[in-house]
Amino acid sequence: YIGGKGLLLRYLWQEVPPNIDPWAPENPIILMTGPLAGTGACTGSRLVVGCKSPITGIFNDSYVGGSFAPEMKFAGYDAIIIKGESPTPVVITIADDQVSFLPAETYWGLKTSEIEAAMRRDFHPRAKTLSIGPAGENEVPWACISTDQYHKAGRGGHGALMGRKKLKAVTVRGSGSVTVGDAREYLAYLLDLQSQFMDDNLWLTEEGTLVLVDPINAGGAMPTRNWSSGHFPDAHRVNSEAFTRVATGRRACTQCSMACRQWHEVTGVAGEGPEYETVALCGPNCGVADVAALMKFNQECDEWGLDTISAGAVLALAMDLTERDVHDFGVRFGELDSYVRVPRMMATREGIGAELALGARVLAQQYGVPGRSPEVKNLELPGYDPRGSFGMALAYATSDRGACHMRSYTVGGEVLSGSFPPDSLEGKAALVIAKQDWTSVYYSGIWCGNFGLSREAVGGLLDRIWGRPFAEADLLKIGERVWNLGRLFNLREGVEADTAPAMAVEPAYAFADGVSAGRAIGWAAFTAALREYYALRGWDASGVPSEAKLTELGIDVRL
Numbered sequence: 002y003i004g005g006k007g008l009l010l011r012y013l014w015q016e017v018p019p020n021i022d023p024w025a026p027e028n029p030i031i032l033m034t035g036p037l038a039g040t041g042a043c044t045g046s047r048l049v050v051g052c053k054s055p056i057t058g059i060f061n062d063s064y065v066g067g068s069f070a071p072e073m074k075f076a077g078y079d080a081i082i083i084k085g086e087s088p089t090p091v092v093i094t095i096a097d098d099q100v101s102f103l104p105a106e107t108y109w110g111l112k113t114s115e116i117e118a119a120m121r122r123d124f125h126p127r128a129k130t131l132s133i134g135p136a137g138e139n140e141v142p143w144a145c146i147s148t149d150q151y152h153k154a155g156r157g158g159h160g161a162l163m164g165r166k167k168l169k170a171v172t173v174r175g176s177g178s179v180t181v182g183d184a185r186e187y188l189a190y191l192l193d194l195q196s197q198f199m200d201d202n203l204w205l206t207e208e209g210t211l212v213l214v215d216p217i218n219a220g221g222a223m224p225t226r227n228w229s230s231g232h233f234p235d236a237h238r239v240n241s242e243a244f245t246r247v248a249t250g251r252r253a254c255t256q257c258s259m260a261c262r263q264w265h266e267v268t269g270v271a272g273e274g275p276e277y278e279t280v281a282l283c284g285p286n287c288g289v290a291d292v293a294a295l296m297k298f299n300q301e302c303d304e305w306g307l308d309t310i311s312a313g314a315v316l317a318l319a320m321d322l323t324e325r326d327v328h329d330f331g332v333r334f335g336e337l338d339s340y341v342r343v344p345r346m347m348a349t350r351e352g353i354g355a356e357l358a359l360g361a362r363v364l365a366q367q368y369g370v371p372g373r374s375p376e377v378k379n380l381e382l383p384g385y386d387p388r389g390s391f392g393m394a395l396a397y398a399t400s401d402r403g404a405c406h407m408r409s410y411t412v413g414g415e416v417l418s419g420s421f422p423p424d425s426l427e428g429k430a431a432l433v434i435a436k437q438d439w440t441s442v443y444y445s446g447i448w449c450g451n452f453g454l455s456r457e458a459v460g461g462l463l464d465r466i467w468g469r470p471f472a473e474a475d476l477l478k479i480g481e482r483v484w485n486l487g488r489l490f491n492l493r494e495g496v497e498a499d500t501a502p503a504m505a506v507e508p509a510y511a512f513a514d515g516v517s518a519g520r521a522i523g524w525a526a527f528t529a530a531l532r533e534y535y536a537l538r539g540w541d542a543s544g545v546p547s548e549a550k551l552t553e554l555g556i557d558v559r560l
């Protein structure tokens, strides 16, 4: 299972009591590193946070950069498993082998930057901290976990689960080191990889993920005004060029040479980001084309501890309900004054925030428009509309954590490179599977999803860490093993049917304009692609892995 996602899943299988209420004290939060954390490998010093999600009720893993993972390794830990529930707020402090649970009443209510500053002041000046903001304390379903202020384990509600456990923060300081087999040979290999892959990834350094705004919009896949269009006419006002005009520097995660964290300053707001997903969901999807407002909204979500994807999706739905005269939430597309105030209301569950905190699915059902709920398995969609990229409908439907673009990024071939037709599901089942298996390897590593390493390079790094060869076939088998174990976990916990939102499939929701106008997958085509996906996976018609497949992959657990 390598580490990261793979080892996380294996531990969740044994540590999560079957069919447990995800809010129960026994539901653990697991912090898992990868084998490269602290070794100097570019983008390898990342952390995955995992649990049975309080939003979806199934497996959830969320990845975060920054400096926490290597510090955790320097303190001597590959994984930290947190169980139970405190009657009063606590922080966990870790200094090498000294672990303490300390009262945190005085920290309760602090925003994320404030708690990090407090931990540096009260624990150690160089302490690395994972924390929640008020959104997590108030158990808002999409509350995230923060580290290094701008880095978020964003999806799936880990922050809410920390809030239920009354765990404000985990702080670590390590004085140890990480070793590899032949350090000189390993370093030489790292430098060689740097020279090979730096040019291919310069887009990260120069523009970051905001480079995606223009091509996704041009491809008719940009979520716009609550997914009512795939094209935002004012995208040029919030694209990479627009943010470059207010960029003043770049930052990097620990031991990463890409430095893709763009620093922006405008109208009294300064900070890292926003990334593409935030711009798409909180910009065009909310009818917002203002850089300063977007930065302020992003900053507010960061400080209060909210996942920006879900926050933008839910807010856009509320705006849509207001403009359709279904219910007046006092927010409308493009109105900036009310827009920037919403994150605080969501995090505190005050005013309209009390209803918005229910999430897109509940909100849409409550007001009689379930077809307009942009979610899969109760996790809101990221920034790629399936009507502009049909493969993403199947990718979202079969993702092991609900709507997620990080499992199978078919939009890369369908929109960005044009390698596959965007308006067909033919051949997409095999494509989705191939990408899911490979990302399972990648996130077991754990490498940044934005950094494109070849399979040979991934195998070479693992070989030099552990002293045994990893051929491409070995890696892909590991990826398939991890994916199938995730399926077993979700089946055990009662996963919902693999399906896509109605608005992404039914002709009634086809766009009226733009390059993706009139496109509709249709349920017959979607169902056929899903059946093909199951068959290619070696699963039965209900999506259950066969005994033969589990034996082939060496998976040692069964339903």
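Positions 2 to 560 (the working numbering) are the ones given, in order, by the sequence shown.
By construction, the Cβ of each residue, glycine as well, lies at the ideal position given by its N, Cα and C atoms.
As the structure is a prediction and not an experimental result, all values here were calculated from the model.
Cβ separation of residue i and residue j, assumed to be a contact under 8 Å, to the nearest whole Å
{"i": "Y64", "j": "Y535", "result": "With 8 Å as the limit, Y64 and Y535 do not qualify as a contact, their Cβ atoms being about 27 Å apart."}
{"i": "P275", "j": "F233", "result": "About 15 Å; that fails the 8 Å criterion."}
{"i": "V214", "j": "V239", "result": "7 Å"}
{"i": "G51", "j": "V483", "result": "About 12 Å separates the two Cβ atoms, so there is no contact after all."}
{"i": "P23", "j": "S54", "result": "6 Å"}
{"i": "P383", "j": "H406", "result": "5 Å"}
{"i": "F330", "j": "I353", "result": "5 Å"}
{"i": "R47", "j": "G35", "result": "7 Å"}
Residue i versus residue j - alpha carbon distance
{"i": "C287", "j": "M163", "result": "29 Å"}
{"i": "E301", "j": "H152", "result": "14 Å"}
{"i": "F124", "j": "N485", "result": "42 Å"}
{"i": "A314", "j": "A503", "result": "16 Å"}
{"i": "E533", "j": "W524", "result": "14 Å"}
{"i": "S147", "j": "G67", "result": "10 Å"}
{"i": "Q263", "j": "L282", "result": "19 Å"}
{"i": "A597", "j": "D235", "result": "No information on residue 597 is available, as it lies outside the stretch 2 to 560 that the chain covers here."}
{"i": "R121", "j": "R127", "result": "6 Å"}
{"i": "M259", "j": "G45", "result": "12 Å"}
{"i": "A505", "j": "L9", "result": "32 Å"}
{"i": "I82", "j": "L554", "result": "26 Å"}
{"i": "W305", "j": "E106", "result": "17 Å"}
{"i": "E273", "j": "A529", "result": "43 Å"}
{"i": "F102", "j": "P88", "result": "12 Å"}
{"i": "W109", "j": "E138", "result": "8 Å"}
{"i": "P71", "j": "Q15", "result": "25 Å"}
Assigned exposure category for residue i - 16 Cβ within 10 Å defines buried
{"i": "S418", "result": "exposed"}
{"i": "L563", "result": "No information on residue 563 is available, as it lies outside the stretch 2 to 560 that the chain covers here."}
{"i": "Q150", "result": "buried"}
{"i": "P546", "result": "buried"}
{"i": "W467", "result": "exposed"}
{"i": "R469", "result": "exposed"}
{"i": "P104", "result": "exposed"}
{"i": "R185", "result": "exposed"}
{"i": "E356", "result": "buried"}
{"i": "L551", "result": "buried"}
CA nearest to the CA of residue i, picked from the options
{"i": "A394", "options": "Q367, S114, P216 and L432", "result": "L432"}
{"i": "G155", "options": "R333, F244, R402 and S196", "result": "R402"}
{"i": "K166", "options": "R121, T113 and V92", "result": "V92"}
{"i": "A458", "options": "L194, G250, S229 and D183", "result": "L194"}
{"i": "P371", "options": "S46, K112, L203 and L322", "result": "L322"}
{"i": "E376", "options": "D499, L492 and A549", "result": "D499"}
{"i": "G389", "options": "T180, S400 and G413", "result": "G413"}
{"i": "T279", "options": "T210, G269 and G335", "result": "T210"}
{"i": "D424", "options": "G392, S132, N451 and S400", "result": "G392"}
{"i": "R493", "options": "E27, G4, G58 and G39", "result": "G58"}
{"i": "Y277", "options": "S374, V247, Y385 and S87", "result": "Y385"}
{"i": "F244", "options": "H265, A253 and S229", "result": "H265"}
{"i": "I565", "options": "A355, T411 and G453", "result": "Past the edges of the chain, shown from 2 to 560, lies residue 565, and the structure says nothing about it."}
{"i": "G446", "options": "E27, P26, A42 and I21", "result": "A42"}
{"i": "T130", "options": "T172, E140 and R251", "result": "T172"}
{"i": "G450", "options": "L205, N299 and A398", "result": "L205"}
{"i": "S400", "options": "Y510, G544 and E86", "result": "G544"}
Check whether residue i and residue j have beta carbons under 8 Å apart
{"i": "A80", "j": "L32", "result": "yes"}
{"i": "P29", "j": "K84", "result": "yes"}
{"i": "V343", "j": "A294", "result": "no"}
{"i": "I133", "j": "G175", "result": "no"}
{"i": "L307", "j": "A348", "result": "yes"}
{"i": "S420", "j": "A222", "result": "no"}
{"i": "G460", "j": "E473", "result": "yes"}
{"i": "M296", "j": "N227", "result": "no"}
{"i": "F471", "j": "L463", "result": "yes"}
{"i": "T440", "j": "R408", "result": "yes"}
{"i": "K169", "j": "P135", "result": "no"}
{"i": "S229", "j": "G515", "result": "no"}
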